[in-house]
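Protein chains in written order, with my numbering: chain U, 1 to 124; chain H, 125 to 342.
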């Protein structure tokens, strides 16, 4: 009964209380040395691509930026066939990173690469 | 199914610019190390980088370089002592053949030190576009406000007009010792001016100007 589900949303969200396990953005700083690229990328030294992890709520709230399809898929999983998975917690928005690189020929290159840092998560 | 596009028109595999660059342009990790930050070109690029991006590499808002790629090209020079008394003259060649097809030139400058303090006196330097059989040499004017002692001379027109189409740009670096000069002054080792290419890389996956994604009402 989707009407009931929607009506119960505030109480449902309160009961879950599992903010820590909810789909959210997590920090994960790495160095380019750890990635094996420090012979090439000389700045920045550290990079925080971040990642998304956690369970998607049974009712997808607005702040998950979930498309309508994800809402339908969660209902399909819950009401029709559990073999269809819950929507997954994945990055939604990214920002670029600027890097300074040394090239094979000794040239030095400044470049901006898109989609290198996760900025928010969604359930899809 | 007639609704399927013919195989030839299927979309290509999306490019992965970072991995492509790693494969094609990165130095091999075996036996190669980027040395410590030294040398004027590297110092200049590190300054440019710090101006354009924060410590985590995020491009700074409002401090955009106006493009997503800046390539520094170092000069090669023929052998032979460039000093003749108080005068230094060095022919420099910048090879441009390494540019990718997706990199479109927006602007090109040559960066050099117009003035250098010595133990005795100072060195005054200028750049000339090397004379060819068709055209005489041209003295390049530096930008009005040199930054951190560096001067930038715009050479975009010379590359756009086809000087660069031959795959190289030839300049003459000329310096003169000024002030009290002793006959025993040792020749100064000068680092060569370097060429900066401001390029727009149109390959998918490179950063476009940062803007907020449009959010639809639901």
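Heads up, the beta-carbon is just placed ideally off N, CA and C, and yes, glycines get one too.
On a predicted model such as this, the values are computed, not experimentally measured, just so you know.
Counting only Cβ-Cβ distances below 8 Å, residue 64 of chain U has no contacts in chain H at all, with the closest Cβ about 11 Å away. Interface annotation for the stretch 172-203 of chain H against chain U: 172, 173, 176, 177, 179, 180, 181, 182, 183, 192, 193, 194, 195, 196, 197 and 198, criterion Cβ-Cβ distance under 7 Å. The residues 100, 101 and 102, in chain order, have a CB closer than 8 Å to that of residue 108 of chain U in the same chain once the five nearest residues on each side in sequence are set aside. Across the structure, residue 121 of chain U and residue 66 of chain U are spaced so that their CA atoms are roughly 9 Å apart. Of the other Cβ atoms in all chains shown, 16 or more fall within 10 Å of the Cβ of residue 297 of chain H; this residue is therefore buried. By the criterion of a C-beta distance shorter than 7 Å, residue 78 of chain U is surrounded in its chain by 58, once the five residues flanking it on both sides are discounted.
Taking 3 residues as the shortest admissible run, the stretch 209-254 of chain H contains the following complete beta strand (DSSP E) segments, listed from N- to C-terminal end: 211-219, 227-236, 239-241 and 246-253. For residue 61 of chain U, no alpha helix (DSSP H) run applies, since DSSP gives it neither H nor E. At a beta-carbon threshold of 7 Å, none of the residues of chain H lie near residue 74 of chain U; the nearest stands roughly 16 Å away. DSSP lists U:41 and U:109 as the bridge partner or partners of residue 101 of chain U.
Ranked by how close their Cα comes to the Cα of residue 167 of chain H, the residues U:55, U:25 and U:110 have U:110 in first place.
Take residue 276 of chain H, set aside five residues on each side of it, and the residues of its chain with a beta-carbon closer than 6 Å to its own are 233, 235 and 267, in chain order. Per DSSP, the beta bridge partners of residue 324 of chain H are H:228.
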